[in-house]
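Protein chains in written order, with full-length UniProt numbering: chain A, 1 to 158; chain B, 1 to 158. Where is the CB? At the ideal position from N, CA and C, for every residue including glycine.
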DNA sequence: GCTTGATACGATATATCATAACGCTTATGC
DNA sequence: GCATAAGCGTTATGATATATCGTATCAAGC
């Protein structure tokens, strides 16, 4: 398993292949990865950190791609619906998906020092939440699993 | 395991014993369960649902206990720090703790139809998040585990 | 060509959630 | 009692998110 957010890696590849894969998937699904949507995805991919909608909007604004909140939120909604991005509930912020190839049961590890967010894939059926929900007769539709703490990089420095 | 939110139960007891236990704990810890804090706890205990800070504030306002947002947020902060209440990240809202006696590794089951929130206790060490974090060398300080879906009560009706 | 419907976008306004900062009051330890 | 800390009231503002209405674009069907 890889933890891009916490490890040195060729980051150019993350952005390029992220966008390329998203483009392929959109073509397959007959959807449009419009200029704004693509740019928002790139912005999110540019760092393994969560960004607020208004931070993203600032970039869009500077580039003349839109200046009002709905512009950012609509693009984010699209990216999230297609699984290209995730919302981090704990931060009210957004990250690019770093496991586009895989199916979805992400766990997010959020470093409170460097703000990096690592997405780890997991089998949702194995999760404690699923087990407890099943026992309670609760039908899970959506799962939020986030941990806040210190990433290995920051732990070494501290 | 009990799922008060999803089952018939003597709800008076929830409120009374919740407040009583909180009072005991505050005494032990040398803290003040002031009028406002106590009232906010009662409000939260009055239903097994998450309430927004402004909903709580409305009640306080109607009772002359405070009219500005900080009043509600301060009380909530206290209750959360003491473990008497929890924040539901997914909803930006708050619930009373329903397992005051137990230690903390709650999972929340949120019904999107009736808005009830059930708190289930779990051993945090067993959790998938802990396992994945450990593997990544990530030191977890705080965990968010929430599931949204349909509760058994609503499933029967639908 | 024209209409229709679907999708996306632009813009305004507003709703919702949260905190900083300041000064006053009350509780508590000595 | 007095000093200190804890709590509270209030104002102002910051941060996040959505409802709504109108317009542009494009493809499908006539």
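Tell me whether residue 66 of chain B is buried or exposed, calling it buried when 16 or more other Cβ atoms sit within 10 Å of its Cβ.
buried
DSSP state of residue 122 of chain B mapped onto helix, strand, coil
coil
By DSSP's criteria, residue 49 of chain B is part of a beta bridge. Which residues make up the other side?
B/116
Using the rule of at least 16 other Cβ atoms within 10 Å of the residue's Cβ for burial, across every protein chain shown, is residue 148 of chain B buried or exposed?
buried
Check for me: the alpha helix (DSSP H) holding residue 23 of chain B runs from which residue to which?
11 to 29
Contact with chain B by residue 143 of chain A, beta-carbon distance below 8 angstroms:
yes
So who's on the other strand from residue 89 of chain A, going by DSSP bridges?
Answer is none; residue 89 of chain A lacks a bridge partner.
Inter-residue Cα distance where the pair is residue 60 of chain B and residue 92 of chain B:
19 angstroms
Examine the Cβ distances between the stretch 44 to 57 of chain A and the stretch 109 to 118 of chain A and report whether three or more of them are shorter than 8 angstroms.
yes
Give me the Cα-Cα distance between residue 125 of chain B and residue 144 of chain A, rounded to the nearest whole angstrom.
18 angstroms
Can residue 9 of chain A be considered in contact with the ligand COA, in the sense that its beta carbon sits closer than 7 angstroms to one or more heavy atoms?
This structure lacks the ligand COA; in fact it carries no ligand of any kind.
Opening and closing residue of the alpha helix (DSSP H) in which residue 108 of chain A lies:
In the DSSP assignment, residue 108 of chain A falls outside any alpha helix (DSSP H) and within the unbroken beta strand (DSSP E) covering 107 to 111.
Measure from the alpha carbon of residue 102 of chain B to the alpha carbon of each residue in B/146, B/110, B/84, B/8, then state which is nearest.
B/84
Proximity below 8 angstroms, CB of residue 95 of chain B to CB of residue 72 of chain B
no
What whole-angstrom Cβ distance do residue 35 of chain B and residue 78 of chain B have, given they're in contact under 8 angstroms?
Not a contact, Cβ separation roughly 12 angstroms.
Start and end residues, alpha helix (DSSP H) containing residue 139 of chain A
Per DSSP, residue 139 of chain A belongs to no alpha helix (DSSP H); it is in the beta strand (DSSP E), 139 to 150.
Using the Cα positions of residue 98 of chain B and residue 122 of chain B, report the straight-line distance between them to the nearest angstrom.
13 angstroms
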